[in-house]
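Protein chains in written order, with the working numbering: chain A, 1 to 340; chain B, 1001 to 1340.
C-beta: ideal position from N, C-alpha, C; glycine also.
Here the structure is laid out as structure tokens; the discussion comes afterwards.
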DNA sequence: TTGAACACCGAAACCGTTTTAGTTTCATAA
DNA sequence: TTATGAAACTAAAACGGTTTCGGTGTTCAA
């Protein structure tokens, strides 16, 4: 079953393709009789304008690209979901690409999207990305770009982020307000800005409450893995037996720490409180359930798409675009792994 | 910065568009001199053929659609990942759409994909889908279709599935071999075939080992939620205090059951063994970690794409397509929630 | 009787590429 | 000198729509 074309409709009705096209688009110079005939036939044959032909003529594809580091990950799954739902709502489809945290892949995938002539691109950078010429390439081609979560300050485009520093501050302060006095931090690797900001937020809270002992209570997790969590929990407790709380770069590490405590019969939160980050799905299911910072992926995805859309539409009216940085609020989720 | 076109190249070199095109595609009727000139210029200007124009002419988009019920879900995240990675490997891009288990959305999304003229569609049905005319529509339009996991037997297309019955049998038998004698099953809702098959597999195992007591040890979970797990665990233990194992439709329900046991100081697996299904990411993190059936989403995604690709290529050579049903093997993952 | 106004329609250009079916040019064979 | 053929090139059609512009025919007022 071939697709129905305007040509076929025109032939059947013995009119020109032009007239058929106009009849369907409410042009004034088509007689009511013709208009109705065309509409009826189009309806009957289930005519759908060929999207590709339209794309070619209009130089727009109603398609955007979404490039993220991971997908099997609660936060990013939510991001994708938010983007896709909001895009669909506005008549856009989303091509999803996963860099698997590899710079090489990310670079190639940007090319794929540009070749595909998408109307815009949403990017969350791979952890290993240092050189960002490929991202600059997007702007050079005048393709709209919005970055989210893992951004680069060197790129002049709109950005959707959370305030990692404030979020970390809030989380740490909650620990302090619950009575904790000696709080360790399992931080992320040195590269990403999020790692640094969360660390700084932690420091801010300690300082505000005059708890910055001068001791080294910060451990840098290289792999940001479950195993890292266990490892550093063990090490931290050995080095500081009177530790009463930890705040981790992400829930996975917190989960590892929690496992270590349970295996070694260390009471959580009796002896030690544990605070994670991101609010993975798993956090609510563990026993005790994990207190954490909710990082609203779905909302970030939604807002990122809307910002991209705004810039796409602005461009059409030839207005100038002023990149915005939108900060999505976070909240601390208190569960059983901390006292209250 | 506008995109470079063949026309521009032709004008600069004072040749026809035709020759420029041919020079780039190794036609024999282009002089070496011209060929080199064109190639050099194309390289210099970073010429990339306009994908949309190619799509229009070749009637193929090198794009497929992937339609799934959920994304914030370990299994489906893996499916998406498998599809995307394998597709990219073969020069295809993937448009992801999420039905959110809604029949209405699914129906509309199929239309979107057909309108978009994708080369093929991968579908995992929404839970609420009963009428499948929209899926038949895909075949009617002669768009390639492969279904995975949540399939419909009424559709004549290739299918990628697991053997739910055998997987459930294996899981239940593991419980039996570990010494369990009174095993309950928390089954899924009555609609989906997977629910039924897992139930039948459970029955098979009991029968084989002559443990089918005639007692009603089967509980039907309506929402397949954490709460359901807790609920039925409570009910089952009240009705059958000597229960020594449960096998659940999915890990989430098992997690709920596990939570109930922990809150009520019921030893797992000392008093009762718990076996889930799907191997969600969370299963490995719980304490005790959950034994389960591994449902290889990534592999299923990969294979589904490859099957779709095979049919797309077969069609090009006008060969006839014979729908295949591919069963991906599963394995039981024994962790701490069962004895060994 | 002319011309203005209006209603209706369609040819053609356009988007960017590929491919068919020629055309031109030049050297060689008859 | 003329036919033959190969080499190198190109016009035009095709993919499927949209839109501009021009044309035709009718009606009505001057």
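Whose CA, out of the options, lies closest to the CA of residue i?
{"i": "residue 1042 of chain B", "options": "B:1017, B:1055, B:1029", "result": "B:1017"}
{"i": "residue 75 of chain A", "options": "A:282, A:326, A:287", "result": "A:282"}
{"i": "residue 1228 of chain B", "options": "B:1214, B:1210, B:1266, B:1189", "result": "B:1189"}
{"i": "residue 114 of chain A", "options": "B:1116, B:1132, B:1103, B:1093", "result": "B:1093"}
{"i": "residue 1300 of chain B", "options": "B:1066, B:1286, B:1056, B:1078", "result": "B:1078"}
{"i": "residue 291 of chain A", "options": "A:247, A:305, A:33", "result": "A:247"}
{"i": "residue 1324 of chain B", "options": "B:1303, B:1337, B:1080", "result": "B:1303"}
{"i": "residue 264 of chain A", "options": "A:249, A:238, A:22", "result": "A:238"}
{"i": "residue 1131 of chain B", "options": "B:1121, B:1058, B:1142, B:1105", "result": "B:1105"}
{"i": "residue 1058 of chain B", "options": "B:1319, B:1309, B:1117", "result": "B:1117"}
{"i": "residue 177 of chain A", "options": "A:305, A:70, A:22, A:273", "result": "A:273"}
{"i": "residue 1366 of chain B", "options": "B:1122, B:1212, B:1211, B:1224", "result": "Missing from the structure shown is residue 1366 of chain B; chain B here goes from 1001 to 1340 and no further."}
{"i": "residue 1060 of chain B", "options": "B:1328, B:1329, B:1330, B:1313", "result": "B:1313"}
{"i": "residue 1119 of chain B", "options": "B:1025, B:1212, B:1226, B:1141", "result": "B:1141"}
{"i": "residue 148 of chain A", "options": "A:154, A:136, A:123, A:166", "result": "A:123"}
{"i": "residue 1234 of chain B", "options": "B:1257, B:1015, B:1250", "result": "B:1257"}
{"i": "residue 222 of chain A", "options": "A:39, A:309, A:187", "result": "A:187"}
{"i": "residue 254 of chain A", "options": "A:241, A:232, A:88", "result": "A:232"}
{"i": "residue 1266 of chain B", "options": "B:1337, B:1087, B:1100, B:1175", "result": "B:1337"}
{"i": "residue 174 of chain A", "options": "A:276, A:152, A:81", "result": "A:276"}
{"i": "residue 102 of chain A", "options": "A:320, A:88, A:127, A:90", "result": "A:127"}
{"i": "residue 54 of chain A", "options": "A:28, A:26, A:21, A:40", "result": "A:21"}
Residues bridged to residue i by DSSP?
{"i": "residue 1120 of chain B", "result": "B:1064, B:1144"}
{"i": "residue 992 of chain B", "result": "The shown model of chain B, from 1001 to 1340, leaves out residue 992 of chain B, and the question about it has no answer."}
{"i": "residue 294 of chain A", "result": "A:278, A:331"}
{"i": "residue 97 of chain A", "result": "A:67"}
{"i": "residue 1325 of chain B", "result": "B:1159"}
{"i": "residue 245 of chain A", "result": "A:183, A:273"}
Against chain A, with Cβ distances strictly below 7 Å, would residue i count as a contact?
{"i": "residue 1056 of chain B", "result": "yes"}
{"i": "residue 1262 of chain B", "result": "yes"}
{"i": "residue 1135 of chain B", "result": "no"}
{"i": "residue 1306 of chain B", "result": "no"}
{"i": "residue 1098 of chain B", "result": "yes"}
{"i": "residue 1234 of chain B", "result": "no"}
{"i": "residue 1314 of chain B", "result": "no"}
{"i": "residue 1332 of chain B", "result": "no"}
{"i": "residue 1126 of chain B", "result": "no"}
{"i": "residue 1290 of chain B", "result": "no"}
Does the distance from the C-beta atom of residue i to that of residue j stay below 7 Å?
{"i": "residue 107 of chain A", "j": "residue 144 of chain A", "result": "no"}
{"i": "residue 1269 of chain B", "j": "residue 1339 of chain B", "result": "yes"}
{"i": "residue 332 of chain A", "j": "residue 171 of chain A", "result": "yes"}
{"i": "residue 1230 of chain B", "j": "residue 1259 of chain B", "result": "yes"}
{"i": "residue 150 of chain A", "j": "residue 125 of chain A", "result": "yes"}
{"i": "residue 1184 of chain B", "j": "residue 1243 of chain B", "result": "yes"}
{"i": "residue 245 of chain A", "j": "residue 180 of chain A", "result": "yes"}
{"i": "residue 1056 of chain B", "j": "residue 52 of chain A", "result": "yes"}
{"i": "residue 146 of chain A", "j": "residue 307 of chain A", "result": "yes"}
{"i": "residue 1129 of chain B", "j": "residue 1164 of chain B", "result": "no"}
{"i": "residue 1335 of chain B", "j": "residue 1278 of chain B", "result": "no"}
{"i": "residue 1326 of chain B", "j": "residue 1162 of chain B", "result": "no"}
{"i": "residue 1121 of chain B", "j": "residue 1098 of chain B", "result": "no"}
{"i": "residue 1030 of chain B", "j": "residue 1023 of chain B", "result": "yes"}
{"i": "residue 71 of chain A", "j": "residue 1081 of chain B", "result": "yes"}
{"i": "residue 1212 of chain B", "j": "residue 1206 of chain B", "result": "yes"}
Cβ of residue i less than 7 Å from any chain B Cβ?
{"i": "residue 242 of chain A", "result": "no"}
{"i": "residue 72 of chain A", "result": "yes"}
{"i": "residue 95 of chain A", "result": "yes"}
{"i": "residue 273 of chain A", "result": "no"}
{"i": "residue 115 of chain A", "result": "yes"}
{"i": "residue 15 of chain A", "result": "no"}
{"i": "residue 338 of chain A", "result": "no"}
{"i": "residue 83 of chain A", "result": "no"}
{"i": "residue 77 of chain A", "result": "yes"}
{"i": "residue 53 of chain A", "result": "yes"}
{"i": "residue 282 of chain A", "result": "yes"}
*Any chance the stretch 1151–1164 of chain B sits against the stretch 1202–1219 of chain B, with 3 or more Cβ pairs inside 8 Å?*
no
*Cβ pair count under 8 Å reaching 3, the stretch 1197–1211 of chain B against the stretch 1294–1303 of chain B*: no
*Counting pairs of beta carbons, one from the stretch 1001–1011 of chain B and one from the stretch 1042–1062 of chain B, are three or more of them closer than 8 Å?*
yes
*Below 8 Å, can you find three or more Cβ-Cβ pairs linking the stretch 59–74 of chain A to the stretch 84–99 of chain A?*
yes
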